[in-house]
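Following the numbering used here, the numbering of the sequence shown begins with 150 at its first residue and continues without gaps.
Quick reminder that beta carbons are idealized off the backbone N, C-alpha and C, glycines included.
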Amino acid sequence: MGNGRGSGLRRRCSERASPRSHCDARPTIRNGLMFRPQSADQRRMFEWKPSYSVQIGSIDGQHQNLFRLAAKLHAAMGSGQSNAILAQLFDSLVQYTKVHFQQEERLMQGADYPNFAAHKAEHEALLRRVHEMQQQFANGRVAMSTDVLHFLKNWLEKHIMGTDQQYVPYLKAKSVA
Ligand SMILES: [Fe+2]
Ligand SMILES: [Fe+2]
């Protein structure tokens, strides 16, 4: 398991914490790794927010699927699933990300989007990074940790709310819905 950086696990527990809080939940050991029950914040990590919407239904649907797949991986990590299952879920997320990027790129090209090359380069950089992570995980060099998910969440949020938003007027002009 990772060092818990950014995972919320380092939150200090007060002595007055309620009996149902995460502070009282005992960690469990599975597959030789320690797992702590997720806090409410962690469970909400991949919840869809209206602010993510690009106001194009087909693309919002794909973005929601990305968040759903990431939430599934997050939940599997929290419940101590085996490395094989985590690798499978991570792979589903990566495969769907590729499908989404390809569809987005096709739409941007069809709309003669002027920033197409820079946008595609961002997609490619993310895919290179996640492939690296997959390799490291497969080689047993690193354990799948919440750091991976924090990285993905931050990347997705930044990309969807920044880079993706910029193509919206061009796609809408081509009646993409
Ligand atoms: Fe996107
Ligand atoms: Fe994109």
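- In this structure, Ala260 lies near Lys323, with their beta-carbon atoms less than 7 Å apart.
- Counting only heavy atoms of ligand 1, the residues whose C-beta sits closer than 6 Å to one of them are, along the chain, His212, His249, Glu253, Ile309, Asp313.
- Val243 places its beta carbon less than 7 Å from that of Val279.
- Residue environment for Glu253: buried (at least 16 other C-beta atoms within 10 angstroms of its C-beta).
- Taking 8 Å as the upper bound for CB-CB distance, Ser241 and Leu218 are in contact here, some 6 Å apart.
- If you compare the alpha carbons of Gly206, Ile208, Gln213, Met293 with that of Phe195, the shortest gap goes to Gln213.
- Excluding residues up to 5 positions away in sequence, Glu254 lie with their Cβ nearer than 6 Å to the Cβ of Lys269 in the same chain.
- The shortest CA-to-CA distance from Leu215 to any of Glu281, Gln258, Leu238 is the one to Leu238.
- DSSP, reduced to helix, strand and coil, places Pro318 within a helical segment of the structure shown.
- Boundaries for Ile205: no alpha helix (DSSP H) harbours it, and the DSSP string shows neither H nor E there.
- Using a Cβ distance threshold of 7 Å, Met293 and Leu235 count as a contacting pair.
- If you look at Met310, you'll find it isn't in any alpha helix (DSSP H); DSSP assigns it neither H nor E.
- Contact between Tyr201 and Tyr262 does not hold, since the beta-carbon distance rounds to 20 Å and is not under 8 Å.
- By the neighbour-count definition (other C-beta atoms within 10 Å, threshold 16), Ala233 is an exposed residue.
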